[in-house]
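Order-wise, the sequence lines are chains C and G. Here the first sequence is numbered in our numbering, starting from 1 and rising by one per residue. Here the second sequence is numbered in our numbering, starting from 1 and rising by one per residue. We put the beta carbon where it would ideally sit given N, CA and C, even for glycine.
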Amino acid sequence: MPNLINLAFKKVKQENRPALLTYTVAGDNSKKKSLEILKSISNYADILELGMPHNALVADGNQIQTSAYRAIKNGIKLKDIFQIVKNFKKSKKQKPIILMGYYNMVYQFGENNFLNICKKVGVDGLILVDLPWPENKNFSYKCKNKGITFVQLLSPTTSVKRIKKILKDSHEMIYYISMLSTTGGKLKISPKAIMNSYNRIKRLCPKKNIVIGFGITDKSINKFKGANGVVIGSQLCKTLTKSIKARQNPVTKLSSIVKKLKGKII
Amino acid sequence: MKIKKGIPLIDQHDKNFMYGGKFGGNFIPETLKKPIDDLTKLFHKLRNDKGFLKERDYYFENYVGAPTPFIKLDNLTKHLKGAQIYAKVVSEANGGAHKIYNATVHCLLARRSGKKFVIGDTGAGYAGKMLSMAAKKFGLKCKIFMGAKDIKRQQPNVKAIKKNGAEVVPVYSGSQTLVDAVSECMRYWVANCNHAHMAVGSTVGPSIFVRICGWSTSQISRELKSQIIDEFGSMPKKIKLYNCVGGGSSSFGFWNEFMDYNRKQVEFIGVEAGGPTKSKKHAAPLTYGSKIGILHGAAQYVNQNSDGQIEETESISAGLDYPGVSPLHCFLKDVKRARYTAASDEDALEAYKLVTKYENLKPSLEPSHAFSVAIKEARKLSKDTIVIVNSCGDAHKDKDILEKRLGKKYAKFN
C-alpha cells in the first residue's frame, strides 16, 4: 500500500502550496461529533491529526487541555478512537490520519497491540509528544515495520548536532515546533524568524517533509507558505469550545474555519 | 534487579536513566531535552566540585540549621511498652520541613546557571514555601504552582509563600491538587525554559529532578547516621526507619545512607496515604499494586485506569496526595529493600492525637501517617528494637484541618 502521508505531500507540492494539517481531539465533544468533524474538515485539510486525549498533559496549552478534558469526561476510550478512525476511513480511504498523544496510553495498551490495531483501522502516522529521541528509537522502528510513519519532533532548543542524529532515525515527515511554548501560545517570534530556523533544518534534509506547528492561526498561516505543511490545532479546539457555548453546530463552525484556512495558503 | 553496594542509589540507572530498566527515565517533550541536558551537566559538574559542596554545607548548617534534632520519645515508648521510639525532628529545619534541602540546592544551582527566576510545584505548600524562602535569600524571582484545592486547605503555607514575595499560580484543572500543579509547572517551563529554572518539589519528574532532590534530602540520613552512633556508640542490631511516602523525597533522604546495611539490621518502612477509610480513592500506588505508567516524565507505579488516564487521589494530607511515586521507591519496592504500607486519614489523625498527648512534638499530617504505622508495630516489637520516625513536617500548616476534624484543643499553635 502506498504511504498516504507521502502522497499528500507530493500532491500539494504539485499545487505549489503547503499541506494543511488539522488537529482535533477524538471524542470532543462526543464520539459521533468528532467523527462528523473529521469527515467535514477533510474536504479542505490534507492530513488529519487526531488527538488521543490524556489527563496529565505536559506539552499542551489551555485550548487543547479543555478539549481533552471534555472528551475524557464524555467517556472517550482508546477503543472508541480506533473506531472513529475505522469509520472515517470507510468513506475517506485516501485521507491520511495521524494519531497524536502521550506515550502512557500506548504503553498501557501495549506497543505491539497498539500498532497492530492502528494498522488494521488505517492509522497512517503517529506523534507521541513525550517520547523523544533516543527513547523512541525502538518504537519508531516498530512503526516503520508496520508501514506507519513515526513523526519526530524538533524544537528551537534542539541543537544542530542533535537534529542531525534525529534526522538519521526519522521517517519522511518531521514536525518542527515553532517556538518555546505549549500548543496554542501566542507567536512570540516573527514568522520570518521561524521560517529562517525552518529553512536551516530543511537544508539538512531537503527530501523530508517538514511541517510547522504551535501558535499558528488564520492570522499568520499565510506567512508559512514556504513550509511543506502547517498545523492548526488550538484554534480549532477554541472554535469548538466557543461553538458549544454559543449553542452552534461545531461541525459547520469547524468546517468553515478550515475552509478559510485553506483559502489562505492556496 | 539488584542494588549495587557502594554506589549512590541515584546513580544506579542505565543509559536511559532508568532504574532496574523499568523506572524513571526522561519521557519529556523535545523542547525540554536541552534544558534538562544542561541541568544534568551542571549538576554532575557541581556535585564533584569541592567549592560547591562547601557552599552547600555552609548553607545547610547556617541557613537550614543542620543537624536537626534526634530525640527519644520517652513517654510514647513507656506508653507502648515495646520498641524504643525515637524521632528525627526534621521539621526543626528552617521553614518547618525537609523541603528546604531541595529548595536550597535548586536555588544554588539556578544561581550557578545564571538564571534569575525559579519556578516550582507544591502540594502541602512546603515545597513552595521553601522554594520561595530560598529564592528570596538568594535574590531570585519565584513562581509557585499550586492546586486550587490545596490552596484552600493549606492556607498558612500559601500566606508564607506570598510573604516571601513569590507569586502563587492557582491550578484549576483536573483534581486541583499536586498532580495538576506539577503538570502546569512543567507546561510553564516548556514555554519559559530559556530563562526559568524549574525545581520539581519531590523525587519525581524527569530523571535529573529525581537525582537532585534525592541528593539534597540525603542530608537527613547523613546526620542521622552520626547521631545514631553518638547515641548508641555503634550501629544497633535492629533499627526500623519509618517515613511517609508521597513523592518520596523525605523517605529517600531518611534512608539513603543506610542503603547498604542488611535489611534485617536496618529496615525501611514507607507509609503511603490510604485516604479516607470509606473512600476507594487513595494515594498509595506501591501498597495497592498500581501498574507501571508514565507520569510527569518518568515511569513509575501510578494510579491509572486501563486506558492510561491518571486517576484522582484522595488524602487528608496534601503532601501525600499524589497518584504516582518516585522511581527510586518503585525500585526499592521491587528489590524488596523497603517495605511499603498505607495508613488511612483516620489512622493519621489518631496517631497525631497520641503523639501530641505524650510528647512535645507536633508532626504534620504527612509524618502522622508514618507515626500511625510505627505506633502499631512498636507495641509488638522487642525492647532492643530501635524505631525511628522521620517527623519531616510541622503541623502548623494543618491547623484548619485539625480543628475541623479533632477540635480546637488540637489546633493550638504558639
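Inset, instruction - Rank Ala66/G, Asp74/G and Pro67/G by C-alpha distance to the C-alpha of Lys357/G and give the top, closest one. - result: Here residue 357/G refers to the residue found at position 357 when the second sequence is read from its first residue. Across the set Ala66/G, Asp74/G and Pro67/G, the C-alpha of Asp74/G shows the shortest separation from the C-alpha of Lys357/G.
Inset, instruction - Give me the Cα-Cα distance between Lys143/G and Val118/G, rounded to the nearest whole angstrom. - result: If you number the second sequence from 1, residue 143/G lands on position 143. If you number the second sequence from 1, residue 118/G lands on position 118. A direct Cα-to-Cα measurement between Lys143/G and Val118/G gives close to 7 Å.
Legend entry - DSSP state of Pro363/G mapped onto helix, strand, coil: On the second sequence, residue 363/G is found 363 positions in, with the first residue counted as 1. Residue state for Pro363/G is assigned as strand, using DSSP reduced to three classes.
Legend entry - Closest by C-alpha distance to Asp366/G, when choosing among Asp321/G, Asp400/G and Thr341/G: Working through the second sequence from its first residue, we reach residue 366/G at position 366. Asp is not the amino acid found at residue 366/G; the sequence shown has Glu there. Ranked by Cα distance from Glu366/G, the options Asp321/G, Asp400/G and Thr341/G are led by Asp321/G.
Legend entry - Reduced DSSP secondary structure (H/G/I, E/B, other) of Leu126/C: The sequence position of residue 126/C within the first sequence is 126, counting from 1. Residue state for Leu126/C is assigned as strand, using DSSP reduced to three classes.
Legend entry - Proximal residues, the segment 291–302 of chain G versus chain C, C-beta separation under 9 Å: Of all residues in the segment 291–302 of chain G, only Lys291, Ile292, Gly293, Ile294, Leu295, His296, Gly297, Ala299 and Val302 place a beta-carbon less than 9 Å from a beta-carbon of chain C.
Inset, instruction - Flag this pair as touching only if the segment 174–193 of chain G and the segment 91–98 of chain G have three or more C-beta atom pairs under 8 Å; answer yes or no. - result: Taking 8 Å as the limit for Cβ pairs, the verdict is that the segment 91–98 of chain G does not touch the segment 174–193 of chain G.
Inset, instruction - Compare the beta carbon distance of Ala148/G and Tyr172/G with 8 Å and say whether it is the shorter of the two. - result: Residue 148/G sits at position 148 when you count from the first residue of the second sequence. Residue 172/G sits at position 172 when you count from the first residue of the second sequence. Closer than 8 Å, so yes.
Legend entry - Supposed contact pair Arg379/G and Leu80/G - C-beta distance, whole angstroms, cut 8 Å: Translated into positions along the second sequence, residue 80/G becomes position 80. Translated into positions along the second sequence, residue 379/G becomes position 379. Yes, they are in contact, since the Cβ atoms of Leu80/G and Arg379/G sit about 5 Å apart, within 8 Å.
Legend entry - Segment contact flag, the segment 76–95 of chain C with the segment 226–242 of chain C, C-beta cutoff 8 Å, min 3 pairs: No: the two stretches stay apart, fewer than three of their Cβ pairs being nearer than 8 Å.
Legend entry - Cutoff 6 Å; reference Ile259/G; Cβ partners in own chain excluding five residues on either side: For the purposes of this step, residue 259/G is identified with residue 259 of the second sequence, where counting begins at 1. For the sequence presented, residue 259/G should be read as Met rather than Ile. Once the five neighbours on either side are set aside, the close Cβ partners of Met259/G are Leu9.
Inset, instruction - Tell whether a beta-carbon distance below 8 Å holds between Arg112/G and Leu42/G. - result: To locate residue 112/G, count along the second sequence from 1; it is residue 112. To locate residue 42/G, count along the second sequence from 1; it is residue 42. If you check the CB distance, Arg112/G and Leu42/G come in under 8 Å.
Inset, instruction - Keeping to the same chain, check which residues put their C-beta closer than 7 Å to that of Phe17/G; ignore five residues upstream and five downstream. - result: Translated into the one-based positions of the second sequence, residue 17/G becomes position 17. The residues Gly24, Gly25, Asn26 and Ser207, in chain order, have a CB closer than 7 Å to that of Phe17/G in the same chain once the five nearest residues on each side in sequence are set aside.
Inset, instruction - Kindly say whether Thr149/C, judged by its beta-carbon, lies nearer than 8 Å to any beta-carbon of chain G. - result: For this step, residue 149/C is matched to residue 149 along the first sequence. At a cut-off of 8 Å, the C-beta of Thr149/C has no neighbouring C-beta in chain G.
Inset, instruction - Below 7 Å between beta carbons is the criterion; list the residues of the segment 305–332 of chain G that meet it against any residue of chain C, in chain order. - result: Here the close residues are Ser306, Asp307, Gly308, Gln309 and Ile310.
Legend entry - Continuous alpha helix (DSSP H) stretch holding Asn6/C: start and end: Here the question's residue 6/C lines up with position 6 in the first sequence. Here the alpha helix (DSSP H) through Asn6/C covers Leu4 to Gln14.
Inset, instruction - Label His195/G either buried or exposed according to how many other C-beta atoms from any shown protein chain fall within 10 Å of its C-beta, with 16 as the threshold for buried. - result: To locate residue 195/G, count along the second sequence from 1; it is residue 195. By the beta-carbon neighbour count (other beta carbons within 10 angstroms, threshold 16), His195/G is exposed.
Inset, instruction - Return the chain-ordered list of same chain residues with a C-beta closer than 8 Å to the C-beta of Glu36/C, the five sequence neighbours on each side being excluded. - result: Position 36 of the first sequence holds residue 36/C. By the criterion of a C-beta distance shorter than 8 Å, Glu36/C is surrounded in its chain by Val251, once the five residues flanking it on both sides are discounted.
Legend entry - Ordered list of beta strand (DSSP E) runs contained in the segment 366–407 of chain G, each at least 3 residues: The qualifying runs are 386–390.
Legend entry - Endpoints, the alpha helix (DSSP H) within which Pro191/C is located: The count along the first sequence starts at 1 and reaches residue 191/C at position 191. Residues Pro191 to Leu204.
Inset, instruction - Mind reading off the beta-carbon distance from His369/G to Pro156/G? Whole number of angstroms is fine, and I expect it under 8 Å. - result: By one-based count along the second sequence, residue 369/G stands at place 369. By one-based count along the second sequence, residue 156/G stands at place 156. So it is not a contact: roughly 20 Å between Cβ atoms.
Inset, instruction - Use the C-beta contact count for Gln14/C: other C-beta atoms within 10 angstroms, 16 or more gives buried, fewer gives exposed. - result: Numbered from its first residue, the first sequence carries residue 14/C at position 14. With fewer than 16 other Cβ atoms within 10 Å, it is exposed.
Inset, instruction - Give the secondary structure of Gly229/C by DSSP, where H, G and I count as helix, E and B as strand, and everything else as coil. - result: Here residue 229/C refers to the residue found at position 229 of the first sequence. DSSP, reduced to helix, strand and coil, places Gly229/C within a strand of the structure shown.
Inset, instruction - Starting from the beta carbon of Asn48/G, find every residue of chain C whose beta carbon is closer than 8 Å, and list them in chain order. - result: Walking along the second sequence from the start, residue 48/G turns up at place 48. None at all; the shortest Cβ gap to chain C is about 24 Å.
Legend entry - the segment 402–410 of chain G in contact with the segment 251–268 of chain G per 3-pair CB rule at 8 Å: These segments do not touch.
Inset, instruction - Output yes or no for whether 8 Å exceeds the beta carbon distance between Val271/G and Tyr301/G. - result: Here the question's residue 271/G lines up with position 271 in the second sequence. Here the question's residue 301/G lines up with position 301 in the second sequence. Contact: no.
Inset, instruction - Return the Cβ separation of Glu30/G and Ser155/C in integer angstroms, given the expectation that the two are a contact with Cβ distance under 8 Å. - result: By 1-based counting over the second sequence, the position of residue 30/G is 30. By 1-based counting over the first sequence, the position of residue 155/C is 155. Contact annotation, Glu30/G with Ser155/C: C-beta distance approximately 5 Å; criterion of less than 8 Å satisfied.
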